[in-house]
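First up is the structure itself, then whatever we jot down about it.
Residue numbers (the working numbering), protein chains in the order written: chain A, 339 to 531; chain B, 2 to 151; chain C, 51 to 694.
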C-alpha cells in the first residue's frame with residue numbers, strides 16, 4: 339500500500355492508499371460529524387453531513403468525507419463558512435422529519451440550524467439506512483429494506499422475515515439516530531399484519 | 002398454470018440474479034402485476050433477498066404490486082407535451098374514467114399512468130393506450146378515443 | 051447467409067447486395083419510426099402494398115417498386131413522411147387514401163403530386179426533394195441522414211450504404227491503441243450531457259488493470275423532450291453496434307450491454323434484431339471478420355427510472371439492483387460493472403465512432419467550434435413550427451436552429467425562452483439566442499447541452515410553472531438516497547408550489563437560492579448536482595415573473611390556475627352558445643339571445659371557453675392579478691342584436 343500525504347485543516351497527514359478522508363481525519367483526532375456512517379458497514383455517502391471542502395488539482399469543491407478516497411497533495415478543510423452553511427441546511431432539512439432526534443439537535447446547536455425553518459413532516463426516519471445496511475451486511479438477515487424512491491423513499495420490514503428474527507435481535511434499534519421510534523413502529527406494524 | 006409461467010420466465014434467463022429486473026419485467030408483462038407469490042418464487046430460485054426485490058418493484062415505475070387494468074393508459078407529461086397542454090389532457094382523462102395517475106378502476110378496465118416522455122414530442126400532447134400512440138390529443142378528443150377500448 | 055470472415059468477404063457481400071439492386075427500380079421509403087407510426091404510417095404502408103398488388107405492378111417488368119419501412123428522418127411534425135427514390139420526391143402528411151394516387155401518378159406516370167409536397171409558409175414555394183425543404187437544408191445530417199435510406203431490420207441495407215467498413219478497418223488495419231488515439235484526436239466529446247472527452251474516457255478504461263472489461267451503450271434517454279437516441283437506435287441500430295464493437299476492441303472488452311428504456315419498445319425490438327443479424331453475419335461473436343477479436347452484446351431494458359441515465363445508477367441497474375448512484379471515485383473506468391473496468395457512452399457518441407474511423411479524426415475536427423467538434427442531434431420541440439429531430443454542426447446559433455430550421459414560433463406568438471438539457475438544464479432567453487451551440491457556451495448562460503432536448507417556449511409559457519414542472523419531475527425521479535437531493539428538491543418544490551398558488555412570500559427567492567446551492571454542491575450524483583438549474587436559470591432571466599406571482603398574485607402567462615380567472619365581456623358576447631355547451635364544469639349560464647356569464651364559484655379555470663370562443667367575437671378574457679368584474683345583472687342580459 340502506498341503512502342499518501344495530504345493536508346487536513348492545515349495539518350500534514352500520512353494516510354494509506356484507499357483510505358477515506360474521514361478515516362485520515364480520525365487518524366489524527368479531527369472529528370467530522372456523520373450520521374449514516376458506521377465503521378462496521380460499507381461507506382454509503384447518503385446523509386452528506388460529513389461534507390468537507392477539498393482542494394484537488396486546483397479545484398475546490400465539497401466532497402463527502404466518508405466515501406472520498408485520499409489523494410496525494412489534497413488539502414481538506416473540515417470547517418469553513420461554506421461547509422458550515424451546507425451542514426446547517428442539511429440539518430434543517432432532516433429536522434423537518436425528526437425534530438426530536440437527540441444527535442440532530444446536538445448538531446443543530448453546533449451549526450446554528452433552525453429546526454423550525456421548514457414545515458414539519460414528522461416521519462422520524464432520516465433514511466440514513468443504518469438499520470437496513472446493518473441487517474444486510476452484519477446480520478445477513480435482510481429483514482428490513484428500502485422501498486420506493488425520491489421523496490417517497492422509506493424503510494419497511496419484510497413481515498415474514500421480521501416475525502421470525504427481529505424480536506430476538508433488535509440490534510439495529512440503538513443504531514438509529516432518531517431513537518428507534520420509527521423502527522419499532524414499523525416493526526410492530528409489520529408483525530401485526 | 003401460474004407456477005409454470007413464472008418458472009418458464011426464470012428459466013429463460015438461466016436463473017441469473019443479474020437478470021432480476023429483466024425477469025420481473027417479463028412477469029409484469031405476462032400478468033400485468035407482480036404478485037407476492039411471484040416475488041417469493043423469484044427470491045427463492047434466484048437466491049436474492051426479498052428486501053432487494055421489494056426495493057426494485059417499488060423503485061422502478063414499470064412494476065405494479067396490484068393488478069393493472071386491461072387497458073393501460075399512459076399520458077405523456079414530458080416537457081414538450083407539458084407546454085402543449087398535457088396537464089389539461091390528463092385532467093380530462095381523469096374526469097372521464099374517474100381515477101388518478103397510478104390507480105386502476107374497480108372493474109380492472111383502465112389503469113392510468115403518467116410517463117416522463119415517450120419520445121413523440123412532435124406530436125404532443127400524446128397519450129399511449131396499450132402501446133398504441135395517440136398524438137396531438139386535444140382534451141375534448143379523449144372521450145372519443147377512450148370509447149374504443151372495452 | 052454465410053458468415054463474413056474477412057474484410058474481403060465484406061466487400062464481396064456489399065457488391066453482391068448492390069448488384070441485386072436495380073437502379074431503375076423505384077423505392078417508396080416510408081418512415082415507420084414511433085412518431086410516424088403514431089400518425090398512422092403502418093396504414094400507409096399497408097395501403098401502398100395493397101395498391102401495388104391491385105395495379106399488378108409486382109409482375110410488371112417495366113415498372114418495379116419496393117416499399118421500405120425506415121427509421122425516422124426527423125420531420126415528425128409533418129408525418130407520416132415518405133420519400134420516393136431514385137427521384138427523392140418527398141411527400142408529407144401522407145394518408146392511406148393517397149396510396150392509389152401515389153402509385154398511379156408518381157410511380158407509373160412519373161408525375162409529382164403537388165398537394166403532398168412541402169409548402170414554405172413564408173414564400174408559398176413548393177419543395178419536391180427532401181434536401182430542398184428548409185427544415186433539412188439547414189442541417190448537417192451525418193448521423194441521422196441514413197435513417198430514411200435503410201430498413202433498420204435489414205443488415206443488407208446497412209452494408210449497402212457502407213456499413214461495417216469502419217469495423218473492418220479498425221479490426222484489421224489498426225491497433226486498439228491506434229483507435230483510442232484516433233478518437234482522442236477527433237476531440238469527440240460524450241453526447242450524453244456532460245461532454246467528457248470520449249477518447250480520454252476510453253484511455254482510462256483501456257489502461258485500467260484487469261482481464262475482464264465491459265462497454266455499455268447508455269440508451270436510457272429519460273430527459274423529457276428528448277428522443278435523439280430513440281431515433282438512432284430505432285432507425286439505424288447497426289451504426290450504434292458498429293461503434294460499440296470498435297470501442298470494445300479499442301478498450302479490450304469482450305462483452306457489451308445496451309441499456310435501453312422499456313418505454314421505447316420499437317428501439318428494443320430493432321436493436322435486438324440488429325444484434326441477431328450481426329451475429330449471423332459474424333460482425334459480432336467469435337473471431338469477428340477473421341481478426342481474432344471476440345465480442346458479444348446483450349440488451350438490458352430499463353424499468354422506468356430517470357436516474358438510471360446516471361452512469362453509476364445504470365451499472366447498479368445492470369447488476370439487477372435498484373438504480374441508486376454510488377460515489378465516484380472510483381470511476382466506472384476503474385471499478386464499474388461487477389467491479390470491472392467499464393466504459394459507458396451515450397448512443398449518439400457510439401454512433402459517431404464509425405464516422406471517425408471511416409473519415410478520419412480530421413473530418414470530425416473540421417466541423418464545429420474549438421472545443422466542441424462534429425454535429426449534435428437535437429430534438430426541437432415545444433412551441434416551434436417544425437418540430438422534429440435536427441442534426442446541426444456544433445457552433446450554429448440557437449437562433450439558426452429555432453428560426454431557420456425550426457421555422458420559428460407558430461401562431462404569431464412571441465418567443466420567450468428555449469430550454470436545453472432537460473431537468474438538468476436551463477431556460478435561455480431571447481437576449482442569448484445568438485450564442486453558438488456548444489458545451490461551454492451553453493454552460494456560460496446557465497444551461498447545459500445535455501443530451502439534446504431543446505424545448506421552445508412562447509409567451510403562453512409561465513416560467514414559474516416550468517421550474518415547478520421540472521422539480522416535480524425530479525422529486526419523483528430522484529432515487530432518494532442522499533439528503534440534499536431528496537430533501538432539497540422537496541423543499542424547493544413546496545416553495546414553488548406556494549408561489550404558483552399565490553401564497554409566495556418575500557424572501558422565497560432567497561430561500562430557493564439557498565436550497566439550490568446546497569443541493570447543487572452537496573448531492574451525491576449529477577442528478578442532484580444539476581437539479582437546481584431549471585430554478586436558478588428561470589430566476590436569473592425571468593425574475594419579474596417570480597415577482598409578479600409573489601407580489602401581485604399574478605401569472606403573466608395565464609398558466610397558474612389558482613391565479614387566473616375567466617370572464618365573458620358582456621359587450622362582446624354574441625350568445626352563440628359554444629362556450630356554454632363546451633364548458634366541462636357547466637359553469638356558464640345563458641341561452642339563446644342571453645349574454646353568457648361564468649359562475650366563478652363553479653369555474654375550474656380550465657380555459658376551454660377562452661379557446662372555443664370564436665375569434666371574431668373574442669369575448670372571453672383572461673384575468674390575473676386583478677379582481678374579476680361583477681357579472682352583469684340578469685335583467686341586462688338579453689342581447690340586443692344590431693339590425694343589418
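Quick reminder that beta carbons are idealized off the backbone N, C-alpha and C, glycines included.
Computed from a prediction, not measured in an experiment: that's the story for all the values here.
Compare the C-beta of residue i with all C-beta atoms of chain A and state if any pair is closer than 8 angstroms.
i, result
"residue 51 of chain B", "yes"
"residue 564 of chain C", "yes"
"residue 686 of chain C", "no"
"residue 55 of chain B", "yes"
"residue 78 of chain B", "no"
"residue 474 of chain C", "no"
"residue 64 of chain B", "no"
"residue 536 of chain C", "yes"
Residue i CB to nearest chain B CB: under 8 angstroms?
i, result
"residue 315 of chain C", "yes"
"residue 280 of chain C", "yes"
"residue 435 of chain C", "no"
"residue 653 of chain C", "no"
"residue 487 of chain A", "yes"
"residue 304 of chain C", "no"
Using a 10 Å radius around the Cβ and a threshold of 16 neighbouring Cβ atoms, would you call residue i buried or exposed?
i, result
"residue 223 of chain C", "exposed"
"residue 711 of chain C", "Coverage of chain C is limited to positions 51 through 694, which leaves residue 711 of chain C absent and any answer about it impossible."
"residue 411 of chain A", "exposed"
"residue 352 of chain A", "exposed"
"residue 444 of chain A", "exposed"
"residue 683 of chain C", "exposed"
"residue 400 of chain C", "buried"
"residue 402 of chain C", "buried"
"residue 468 of chain A", "buried"
"residue 48 of chain B", "exposed"
"residue 526 of chain A", "exposed"
"residue 132 of chain B", "exposed"
In this structure, what does DSSP give as the bridge partners for residue i?
i, result
"residue 347 of chain C", "C:306"
"residue 101 of chain C", "Looking at the DSSP assignment, residue 101 of chain C forms no beta bridge with any residue, so it has no partner."
"residue 391 of chain A", "A:400, A:415"
"residue 345 of chain A", "A:350, A:413"
"residue 116 of chain C", "C:77"
"residue 477 of chain C", "C:469"
"residue 647 of chain C", "C:639"
Determine whether the Cβ of residue i lies closer than 8 angstroms to any Cβ atom of chain C.
i, result
"residue 385 of chain A", "yes"
"residue 407 of chain A", "yes"
"residue 111 of chain B", "no"
"residue 126 of chain B", "no"
"residue 2 of chain B", "Summary for residue 2 of chain B: the model assigns pLDDT 47, below 50, so the residue's position carries little reliability; its value from the coordinates is reported in the next sentence. It does not; no Cβ of chain C falls within 8 angstroms."
Taking DSSP as the reference, what is the three-state secondary structure of residue i?
i, result
"residue 2 of chain B", "With a pLDDT of only 47 at residue 2 of chain B, under the threshold of 50, the placement of this residue in the model should not be trusted; the figure read from the coordinates follows. Of the three classes helix, strand and coil, the one that applies to residue 2 of chain B here is coil, per DSSP."
"residue 86 of chain C", "helix"
"residue 168 of chain C", "strand"
"residue 637 of chain C", "coil"
"residue 509 of chain C", "coil"
"residue 333 of chain C", "coil"
"residue 14 of chain C", "The shown model of chain C, from 51 to 694, leaves out residue 14 of chain C, and the question about it has no answer."
"residue 78 of chain B", "coil"
"residue 142 of chain C", "coil"
"residue 269 of chain C", "strand"
"residue 489 of chain A", "helix"
"residue 83 of chain B", "helix"
"residue 63 of chain B", "coil"
"residue 109 of chain C", "coil"
Which whole-angstrom value is the C-beta distance of residue i and residue j, which I expect to be below 8 angstroms?
i, j, result
"residue 295 of chain C", "residue 345 of chain C", "5 angstroms"
"residue 598 of chain C", "residue 606 of chain C", "5 angstroms"
"residue 427 of chain C", "residue 194 of chain C", "6 angstroms"
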